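For reference, the structure is listed below as structure tokens.
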Amino acid sequence: MCQILLSIHPEFVDKILKGEKKFEFRRVKARQLPDRIIMYSTSPVCKVIGEAEVEKIIVDKPELVWEETKNFSGINKDYYVEYYHDRTTAVAYKLKNVIKYDEPKELKDFEVKVAPQSFVYVDNYEQI
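Going by the working numbering, the sequence shown opens with residue 672, and the numbers climb by one from there.
Written out as structure tokens, the structure is:
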């Protein structure tokens, strides 16, 4: 099983946990395709909040990815367009079976020293 820990803004973590955001967007696809995403909520939270299984990975032109994901993107189109400005490829991880941890965890619990700019592989952590 391949797992990645993603840095995600707190507002988007909340939307994922509420089921309003079922896609996590990235500019670059992980080389090893993840089965699970562990969610690190960035400042001011700075904690690992939960995890989700990856149902599907969509990689295509930004316009086509938006059409497929817009209903559960958790963001507006202007934000999306700005995020992919000057990019020819968009990546969307479709999430399922989202779990919120009873107690938020620290990065060190995953043997991660510093919050990743984008993501880091986490292969040594067992699912809760």
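For glycine and all other residues, C-beta sits at the position ideal for the given N, C-alpha and C.
These figures come from a predicted structure and were not determined experimentally.
Cβ neighbour criterion (16 or more within 10 Å) applied to residue i
i: residue 707; result: buried
i: residue 784; result: exposed
Coarse secondary structure for residue i, derived from DSSP in three states
i: residue 730; result: strand
i: residue 766; result: strand
i: residue 748; result: helix
i: residue 823; result: There is simply no residue 823 to check, as the chain begins at 672 and stops at 799 in what is shown.
i: residue 736; result: helix
i: residue 722; result: strand
Cα-Cα separation between residue i and residue j, rounded to whole angstroms
i: residue 749; j: residue 735; result: 15 Å
i: residue 717; j: residue 678; result: 9 Å
i: residue 775; j: residue 743; result: 25 Å
Nonlocal neighbours in the same chain, by C-beta distance under 8 Å from residue i, ignoring five residues either side
i: residue 695; result: 677, 679, 683, 687, 708, 763, 764 and 766
Residues near residue i by beta carbon distance below 6 Å, same chain, minus five either side
i: residue 755; result: 733 and 761
Q | Three CB pairs or more closer than 8 Å across the region 750 to 761 and the region 777 to 796 | A | Segments in contact, no.
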